[in-house]
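These notes are about the structure you will find just below.
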Amino acid sequence: MEKVGEIEIGELRHGTELLKRGFASLQKGGVIMDVTSKNQAEIAEEAGAIAVMALHAVPADIRKAGGVARMADPMVISEIIDAVTIPVMAKCRIGHFSEAEILEALGVDMVDESEVLTPVDSHHVDKRDFTVPFVCGARDLGEALRRIEEGAAMVRTKGEAGTGDVKEAVRHMKLIMGEIRSLKGKNEEELKDVAKELDVSAGLVQETAELQRLPVVNFAAGGIATPADAALMMRLGADGVFVGSGIFKSEEPKKMAAAIVEAVNNYDNPNKLADISKGLGVPMKGIEISVLDESELLQVRG
Amino acid sequence: MRVMKIGVIAIQGNVEEHVRALEKTLAEQGREEGVVVKIRHRGIIESCDAIVIPGGESTTIGRLLEREGIVPELTEAARAGKAILGTCAGLVLLAKEGEVEVAKTGQPLLGLMDVKVKRNAFGRQKESFEALLSLSFLKEPFHAVFIRAPIITHAADPVEVLATLKGHIVAARHGNIMALSFHPELTEDRRIHHYFINTCIQGRNKS
Numbered sequence: 000m001e002k003v004g005e006i007e008i009g010e011l012r013h014g015t016e017l018l019k020r021g022f023a024s025l026q027k028g029g030v031i032m033d034v035t036s037k038n039q040a041e042i043a044e045e046a047g048a049i050a051v052m053a054l055h056a057v058p059a060d061i062r063k064a065g066g067v068a069r070m071a072d073p074m075v076i077s078e079i080i081d082a083v084t085i086p087v088m089a090k091c092r093i094g095h096f097s098e099a100e101i102l103e104a105l106g107v108d109m110v111d112e113s114e115v116l117t118p119v120d121s122h123h124v125d126k127r128d129f130t131v132p133f134v135c136g137a138r139d140l141g142e143a144l145r146r147i148e149e150g151a152a153m154v155r156t157k158g159e160a161g162t163g164d165v166k167e168a169v170r171h172m173k174l175i176m177g178e179i180r181s182l183k184g185k186n187e188e189e190l191k192d193v194a195k196e197l198d199v200s201a202g203l204v205q206e207t208a209e210l211q212r213l214p215v216v217n218f219a220a221g222g223i224a225t226p227a228d229a230a231l232m233m234r235l236g237a238d239g240v241f242v243g244s245g246i247f248k249s250e251e252p253k254k255m256a257a258a259i260v261e262a263v264n265n266y267d268n269p270n271k272l273a274d275i276s277k278g279l280g281v282p283m284k285g286i287e288i289s290v291l292d293e294s295e296l297l298q299v300r301g
Numbered sequence: 000m001r002v003m004k005i006g007v008i009a010i011q012g013n014v015e016e017h018v019r020a021l022e023k024t025l026a027e028q029g030r031e032e033g034v035v036v037k038i039r040h041r042g043i044i045e046s047c048d049a050i051v052i053p054g055g056e057s058t059t060i061g062r063l064l065e066r067e068g069i070v071p072e073l074t075e076a077a078r079a080g081k082a083i084l085g086t087c088a089g090l091v092l093l094a095k096e097g098e099v100e101v102a103k104t105g106q107p108l109l110g111l112m113d114v115k116v117k118r119n120a121f122g123r124q125k126e127s128f129e130a131l132l133s134l135s136f137l138k139e140p141f142h143a144v145f146i147r148a149p150i151i152t153h154a155a156d157p158v159e160v161l162a163t164l165k166g167h168i169v170a171a172r173h174g175n176i177m178a179l180s181f182h183p184e185l186t187e188d189r190r191i192h193h194y195f196i197n198t199c200i201q202g203r204n205k206s
């Protein structure tokens, strides 16, 4: 973590790594829900969401609509910010630092530099320059550490957004956790080799090896559609979950939202999960990932 | 005397950080036998000597405290004079009353401390800050981390103000209950956790 000079009496210091990672850390054990309107944001807050992600359309609809997916309308984001007291996040396109700056100016609490939107650059935004913290998607340890090195204060699995199929999120989470475990017992030289392979600093790999977890909060995202999906991701070691289309594409969003929040709090209690999962109506229909063409996958972006 | 047991409300937020800080503090006091437990369900608080309500989102934590049936247990713990520490969201939850934006969400407050609170009083995340803070019970200032922090806008008489920042109350104590706007669990300075455990010990000796 970056070293900062001594703070002086009377000084308020903003935008530090500690504040960014501290904000992310406060989200642990929570559910972050995609919303596209003030009304949906209120439903999410009432259900116990830890934060909302403001979007112009949920990933399932973005997938269906095709074309270029961009940052949401600032008007909608502002309305959502005014409607709820919980943190509001919003997505910018990968590499689109101007969208990120606009989101920061709007007062968004965290920016998701997201593969769900259409990337504009093969390079990601330099997130250290910002006061607002960032979350980024990752499929493996290399991606996760590269994003952290660029300044991401939170990592989430990419999964395969908008499908309602949690398979890829499971794969990404297991891969990241397994790669971290495999760092255990490696000596300094071997850790340096890993750092070179992953194209990140040796210090970051060493820190990860010592902590035996990512040095930032690690959430699950991409395809979570039921309380059982959320519990599964928590069991695999997620610090919390993002639910995209899974809530407002289900038959009874209010019930589904509250149930997923409760499932995250009771992920290791099958009896409670059984109760929580009863009578929630039909979950989002979804698309099985294997029927998608390679070109239709969002996770390969960025 | 029986082994000291401290419970951390573990529904959401900075749970691990508080657990680690409390364990280190107990060790520093030579009370390695003391235990720190996580509270996610009812039935645990009764056996605890002290309780910490960590930072996170007060709406989320409050709703789940209600759904899990933990609220009456916390009320009883406060009545019995157990030491309770609330940080950030914990401060909001301990309060008796909230300003309009708190009332609007309809979030349940525990009402254990006679104060009125305002959420996100300094603004949104980009206005979050670190500052050196003078607390009445500490000789040297404390490096305090304020994240979308609440403040106390009104404190009724028995409540003791422990610190103010820019004219706002950011730390207060009401008997054995202490509330902070900031996050002592995010830095390595454990003087506040020491103070909290000492409060708990004094309370235990009295009873």
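Read top to bottom, the protein sequences are chains F and H.
Residue 197 in numbering that gives the first Met the number 0 sits at position 198 of the first sequence, with consecutive numbering throughout.
Residue 23 in numbering that gives the first Met the number 0 sits at position 24 of the second sequence, with consecutive numbering throughout.
Note that the Cβ used here is the ideal one computed from N, Cα and C, for glycine as well.
Not flagged as an interface residue toward chain H: residue 113/F, since no C-beta distance is shorter than 8 angstroms.
When only Cα atoms are considered, residue 97/H and residue 78/F end up about 23 angstroms apart. With a cutoff of 8 angstroms on beta-carbon distance, residue 55/F and residue 33/F are scored as not near each other.
Of the candidates 175/H, 195/H, 183/H, the residue whose Cα lies closest to the Cα of residue 78/H is 175/H.
Within the stretch 8-36 of chain F, those residues whose Cβ lies closer than 9 angstroms to any Cβ of chain H are, in chain order, 8, 9, 10, 11, 12, 13, 14, 15, 17, 18, 19, 20, 21, 22, 24, 25, 26, 27, 28, 29, 30. Distance from residue 49/H to residue 5/H at the Cβ level is roughly 5 angstroms; contact confirmed, criterion being Cβ atoms closer than 8 angstroms. Contact between the stretch 50-65 of chain H and the stretch 87-104 of chain H is established, with three or more Cβ pairs separated by less than 8 angstroms.
In the structure shown, residue 147/H adopts coil according to DSSP, grouped into three states. Separation of the CB atoms of residue 80/F and residue 120/F is rounded to 27 angstroms, and the pair is thereby denied contact status at 8 angstroms. Taking a C-beta cut-off of 7 angstroms against chain F, the contacting residues of the stretch 49-63 of chain H are 54, 55, 56, 58, 59, 62, 63, listed in chain order.
Rounded to whole angstroms, the separation of the alpha carbons of residue 190/F and residue 133/F is 27 angstroms.
Among the CB atoms of chain H, one or more fall inside 8 angstroms of the CB of residue 86/F. In the three-state reduction of the DSSP assignment, residue 165/H falls in the coil class.
Neighbours of residue 146/H in chain F, taken as residues whose beta carbon is under 7 angstroms from its own, are 18, 21, 22, 25 in chain order. Of all residues in the stretch 126-155 of chain F, those with a C-beta nearer than 8 angstroms to a C-beta of chain H are 130, 131, 132, reading in chain order.
Listed in chain order, the non-local C-beta contacts of residue 172/F below 7 angstroms within the same chain comprise 156, 219, 232, 235, 236, 237, local neighbours out to five positions each way being set aside. Remark: fewer than three beta-carbon pairs, one from each stretch, lie closer than 8 angstroms, so the stretch 273-288 of chain F and the stretch 34-53 of chain F are not flagged as touching.
Residue burial annotation: residue 126/H is buried, with at least 16 other C-beta atoms found within 10 angstroms of its C-beta. DSSP, read as helix, strand or coil, puts residue 244/F in helix. Interface annotation, residue 142/H: in contact with chain F, CB-CB separation under 8 angstroms. The distance from the Cβ of residue 21/F to that of residue 182/H is about 6 angstroms, consistent with a contact at the 8 angstroms cut-off.
The C-beta of residue 125/H comes closer than 8 angstroms to at least one C-beta of chain F. Closer than 8 angstroms to the CB of residue 41/H there is not a single CB belonging to chain F.
Between the stretch 248-258 of chain F and the stretch 179-194 of chain F there are fewer than three inter-stretch CB-CB distances shorter than 8 angstroms, so the stretches are not counted as touching. A check of alpha carbon separations from residue 289/F across 162/F, 146/F, 139/F identifies 162/F as the nearest. Residue 157/H counts as exposed, since fewer than 16 other C-beta atoms from the protein chains shown sit within 10 angstroms of its C-beta. Under a criterion of Cβ atoms nearer than 8 angstroms, the residues of chain H adjacent to residue 6/F are, in order, 129, 130, 131, 142. Scanning its chain for C-beta atoms nearer than 8 angstroms, with the 5 sequence neighbours on each side dropped, one finds around residue 122/F the residues 94, in chain order. When 8 angstroms is used as the limit between beta carbons, residue 49/F is near these residues of chain H: 11, 55, 56, 59, in chain order.
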